[in-house]
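Peer 1:
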């Protein structure tokens, strides 16, 4: 209350804006869904090109939000996220290519079961990699951890470049392109909901405590080793899922797709959105995916403007777009409550026998 | 039976013997003071007791179990809470969240409960919030629950640290210079507060303090540490008159107090 009084009107405006963010975002998503669904009714409104951008946005949301759990919530500065993504991408792609045809199911139904399964397994493989990298690097802090994770990402890339099964620099081609708008959206929403629920729970509070002060956290009964390893593992799992989506979207992956630049790109989304803000990560992921496409009309100057925009933004808002703030769920909660209230009301009315004329 | 029993504790950092041959026994409900000049090893003793440092020699028994070498968070869960000499709050979080973090194990729910928001999630969250608020209530901080911890005034930050330590339901509370940086008025309030805590929660307290008037008024038993060794132990009266203590540490203080 006091801080508001001191800084005057501005935070209030920000509060208002945050309150409207969720309803606006959800309505926008709903509209997109309707537009994309039109194609099943024979009316293609959203072209393949735009759908491609949307799918990439969803994949990037998964990547950014999962990295935010590691970097933002737990405060472990990791820049090897593309490595986990690569593990998920290769594992799921190879599984998809080698699972063959299940005779007892129709092709559509097989995809419907096989694709999430393959993504899940890719995620598990990446989670295992997260566990393996997490345990030895736990003693490292700050810059040192960043360097170690950077090294890990490079190791994955070089291994993929040299193994036979990953077909080296040629990469894996003709991966079935199962990733469509619906799958990508489903996994993006699942990731956001799951990570949101983790962060806003006792477990998430333990992770945030590690970010704030590891020694105090330990003295307050937080098992810091456990939560650090787990943050790594969960983040890696979702990065692996995103890798699977990515592989089945482009139907081609090579070690080049998962180099340091990819890691930096994901990190950029998290930092730009605000370390520790899931809302920020989601919005930054969408903006940074769309921006290079929007700027296409500038042709050769595209990347210059893109980089310039980033520099200006970081200059004026070093804490990122959202800092640590989140979208306000109050509207959603109120909506759910009023719904529940109506249901209860109508039920009691029925029971009372007053009739439900309205 | 003693609540805490420390036998022959020793720890050296390179050539510096920070603690050597330290013995301590605290009975349930006692309020013991640990004093000594700067660098005498008081905080090191705290850090060993809470598991931040592993002792090179000696054993620690708490509530009948051997806790030597246990990791920090396990010791905390067995019932030793602590505060820090230089306040270590979770600065960017709200006052309430600071205390909630320390209630990690007041209400436990699994990952599944958290992810799927089951009924037990909401029940335990409610329990944790109520418990945390009740801890803040003790210090009259409940109305500031939503504020960011670093924005609190200094004295309240110290109180919040104690509230946070209490949230873990400790049997033994270790206070590391709770009056540091407080003015005389605040120190008197703190004195009352510590007495009240001890009475209301049947806490056992071990405290490090430089403010002699506070220690002398509050503690029943005082240990004096110098160069890692216990040089005296006894009631405030005995300590005040102990020539070794006066020599090591209290000489000027006593004459100051007499002034």
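Chains as they are written, first to last, in the working numbering: chain A, 6 to 363; chain B, 59 to 317.
Quick reminder that beta carbons are idealized off the backbone N, C-alpha and C, glycines included.
Small disclaimer: the values here were computed from a predicted structure and weren't measured.
1. Could one say the Cβ of residue 218 of chain A lies closer than 7 angstroms to chain B's Cβ atoms, at least one of them?
2. Whose Cβ in chain A lies nearer than 8 angstroms to the Cβ of residue 66 of chain B?
3. List in chain order: all unbroken beta strand (DSSP E) runs of 3+ residues lying wholly within the region 102-172 of chain B.
4. For the region 148-176 of chain B, enumerate the residues whose C-beta is nearer than 7 angstroms to any C-beta of chain A, in chain order.
5. In chain B, which residues lie less than 7 angstroms from residue 210 of chain A when you measure between Cβ atoms?
6. With 16 as the cutoff for other CB atoms within 10 Å, does residue 134 of chain B come out buried or exposed?
7. With DSSP run on the structure shown, which of helix, strand or coil describes residue 92 of chain A?
8. Does the region 168-184 of chain A come close enough to the region 243-260 of chain A that 3 or more CB-CB pairs lie under 8 angstroms?
9. Just the Cα atoms here: how many angstroms apart are residue 400 of chain A and residue 166 of chain B?
10. Can you tell me which of the three DSSP states residue 295 of chain A falls into?
11. With distances taken Cα to Cα, identify the nearest neighbour of residue 158 of chain B among B:178, B:191, B:146.
12. Apart from the five residues on each side of it in sequence, which residues of its chain come closer than 7 angstroms, Cβ to Cβ, to residue 157 of chain A?
13. What does DSSP give as the partner residue(s) for residue 281 of chain B in the beta ladder?
14. Distance check for residue 153 of chain B and residue 66 of chain A, CA to CA, integer angstroms please.
15. Would you say residue 317 of chain B reaches chain A, if we count a Cβ-Cβ gap shorter than 7 angstroms as a contact?
16. At least one CB of chain A closer than 7 angstroms to the CB of residue 239 of chain B: is that the case?
17. Need the endpoints of the alpha helix (DSSP H) that residue 318 of chain B sits in, please.
18. When the cut-off is 7 angstroms and only beta carbons count, does residue 313 of chain B lie next to chain A?
19. With 16 other CB atoms within 10 Å as the buried threshold, where does residue 297 of chain A fall?
20. Anything in the region 177-202 of chain B with a Cβ closer than 9 angstroms to a Cβ of chain A? List those residues in chain order, please.
21. So which residues of chain A does residue 134 of chain B contact, with C-beta pairs closer than 7 angstroms?
22. For a contact defined as C-beta to C-beta under 8 angstroms, what are the partners of residue 221 of chain A on chain B?
23. In the DSSP assignment, find the unbroken beta strand (DSSP E) run with residue 69 of chain B in it and report its ends.
24. If you measure from the beta carbon of residue 131 of chain B to each beta carbon in chain A, is any gap under 7 angstroms?
25. Can you name the residues that DSSP bridges to residue 83 of chain B?
26. For residue 202 of chain B, which three-state DSSP category applies?
27. Would the beta-carbon of residue 271 of chain A fall within 7 angstroms of that of residue 278 of chain A?
28. Could you name the residues that DSSP lists as bridge partners for residue 75 of chain B?
29. I believe residue 91 of chain A touches residue 162 of chain A by the beta-carbon criterion, under 8 angstroms. Please report the beta-carbon distance rounded to the nearest angstrom.
30. Reducing DSSP to helix, strand and coil, say where residue 168 of chain A ends up.
31. Give me the residue from B:264, B:105, B:60 with the minimum Cα distance to residue 67 of chain B.
32. For residue 238 of chain A, which residues in the same chain have their Cβ closer than 7 angstroms to its Cβ, ignoring the five residues on either side in sequence?
33. Could you confirm whether any beta carbon from chain B is found closer than 7 angstroms to the beta carbon of residue 206 of chain A?
34. Between residue 231 of chain B and residue 193 of chain B, how many whole angstroms is the CB-CB distance? I'm expecting something under 8 angstroms.
35. Using only CA atoms, which one of B:236, B:255, B:260 lies nearest to residue 266 of chain B?
36. Along chain A, which residues have their Cβ under 8 angstroms away from the Cβ of residue 226 of chain B?
Peer 2: According to the data block:
1. Your numbering for residue 218 of chain A matches position 213 in the first chain. Yes, residue 218 of chain A counts as interfacial toward chain B.
2. What you label residue 66 of chain B is simply residue 8 of the second chain in a count that begins at 1. The premise fails here: residue 66 of chain B is roughly 25 angstroms from chain A at the closest Cβ pair, so nothing lies under 8 angstroms.
3. Whole beta strand (DSSP E) segments, 3+ residues: 115-120, 138-140.
4. 148, 149, 150, 151, 155, 158, 159, 160, 162, 163, 167, 169, 172, 173, 175
5. By one-based count along the first chain, residue 210 of chain A stands at place 205. Within chain B, the residues near residue 210 of chain A are 155, 158, 159.
6. The sequence position of residue 134 of chain B within the second chain is 76, counting from 1. Under this definition residue 134 of chain B is a buried residue.
7. Translated into positions along the first chain, residue 92 of chain A becomes position 87. Three-state result, residue 92 of chain A: helix.
8. With a cut-off of 8 angstroms, the region 168-184 of chain A and the region 243-260 of chain A count as touching, because enough Cβ pairs lie within range.
9. Here chain A covers residues 6 to 363 and nothing more, so residue 400 of chain A does not appear.
10. If you number the first chain from 1, residue 295 of chain A lands on position 290. It is helical.
11. Position 100 of the second chain, counted from the first residue, corresponds to residue 158 of chain B. Of B:178, B:191, B:146, the residue nearest in Cα terms is B:191.
12. Residue mapping note: residue 157 of chain A aligns to position 152 of the first chain, counting from 1. Excluding sequence neighbours, residue 157 of chain A sits near 85, 88, 138.
13. The residue labelled residue 281 of chain B in the question sits at position 223 within the second chain. For residue 281 of chain B, which the question treats as bridged, DSSP gives the partners B:92, B:291.
14. For the purposes of this step, residue 66 of chain A is taken as residue 61 along the first chain, with counting starting at 1. For the purposes of this step, residue 153 of chain B is taken as residue 95 along the second chain, with counting starting at 1. Cα-Cα distance, rounded: 31 angstroms.
15. Working through the second chain from its first residue, we reach residue 317 of chain B at position 259. Residue placement at residue 317 of chain B cannot be trusted, given a pLDDT of 48 that sits under 50; what the coordinates show is reported in the next sentence. Not closer than 7 angstroms to any Cβ of chain A, the Cβ of residue 317 of chain B fails to qualify, so no.
16. If you number the second chain from 1, residue 239 of chain B lands on position 181. False, the Cβ-Cβ gap to chain A never drops below 7 angstroms.
17. Because residue 318 of chain B is not part of the residues shown, which for chain B are 59 to 317, the question remains open.
18. What you label residue 313 of chain B is simply residue 255 of the second chain in a count that begins at 1. Confidence is the limiting factor: at residue 313 of chain B the pLDDT is only 49, short of 50, which leaves the residue's position unreliable, though a coordinate-based value still follows. Chain A, which has no Cβ nearer than 7 angstroms to the Cβ of residue 313 of chain B, makes this no.
19. In the first chain, counting from the first residue as 1, residue 297 of chain A sits at position 292. By the 10 Å Cβ count, residue 297 of chain A comes out exposed.
20. Taken in chain order, the members of the region 177-202 of chain B whose beta-carbon sits within less than 9 angstroms of a beta-carbon on chain A are 179, 182, 183, 186.
21. Sequence index remark: in the second chain, residue 134 of chain B carries index 76 (1-based). Residues of chain A with a Cβ closer than 7 angstroms to the Cβ of residue 134 of chain B are, in chain order, 224, 225, 226.
22. One-based indexing of the first chain puts residue 221 of chain A at position 216. Those are 142, 146, 147, 148, listed as they occur along chain B.
23. The count along the second chain starts at 1 and reaches residue 69 of chain B at position 11. For residue 69 of chain B, the uninterrupted beta strand (DSSP E) segment begins and ends at 62-71.
24. Looking up residue 131 of chain B in the second chain gives position 73. Output row for residue 131 of chain B: interface = yes.
25. The residue given as residue 83 of chain B occupies position 25 in the second chain. Residue pairing from DSSP places residue 83 of chain B in a beta bridge opposite B:63.
26. Taking the second chain and counting its residues from 1, one reaches residue 202 of chain B at position 144. Helix.
27. As a first step, residue 271 of chain A is located in the first chain; it is residue number 266 there, counting from the start. As a first step, residue 278 of chain A is located in the first chain; it is residue number 273 there, counting from the start. It is not a contact, given that the beta carbons lie outside the stated cut-off.
28. Along the second chain, one-based indexing puts residue 75 of chain B at 17. Note: residue 75 of chain B sits in a beta bridge opposite B:70.
29. For the purposes of this step, residue 91 of chain A is taken as residue 86 along the first chain, with counting starting at 1. For the purposes of this step, residue 162 of chain A is taken as residue 157 along the first chain, with counting starting at 1. Rounded, the Cβ-Cβ distance is 7 angstroms, consistent with contact.
30. In the first chain, residue 168 of chain A corresponds to position 163, counting from 1. Note: residue 168 of chain A maps to coil in three-state DSSP.
31. Working through the second chain from its first residue, we reach residue 67 of chain B at position 9. Considering only B:264, B:105, B:60, the residue with the shortest C-alpha distance to residue 67 of chain B is B:105.
32. Numbered from 1 along the first chain, position 233 holds the residue referred to as residue 238 of chain A. Contacts found: 132, 135, 136, 139.
33. The residue you call residue 206 of chain A lines up with position 201 of the first chain. Residue 206 of chain A counts as touching chain B.
34. Residue numbering aside, residue 231 of chain B sits at position 173 when the second chain is read from its first letter. Residue numbering aside, residue 193 of chain B sits at position 135 when the second chain is read from its first letter. Rounded, the Cβ-Cβ distance is 13 angstroms, inconsistent with contact.
35. In the second chain, counting from the first residue as 1, residue 266 of chain B sits at position 208. Considering only alpha carbons, the answer is B:236.
36. Here residue 226 of chain B refers to the residue found at position 168 when the second chain is read from its first residue. Within 8 angstroms Cβ-Cβ: 225, 226.
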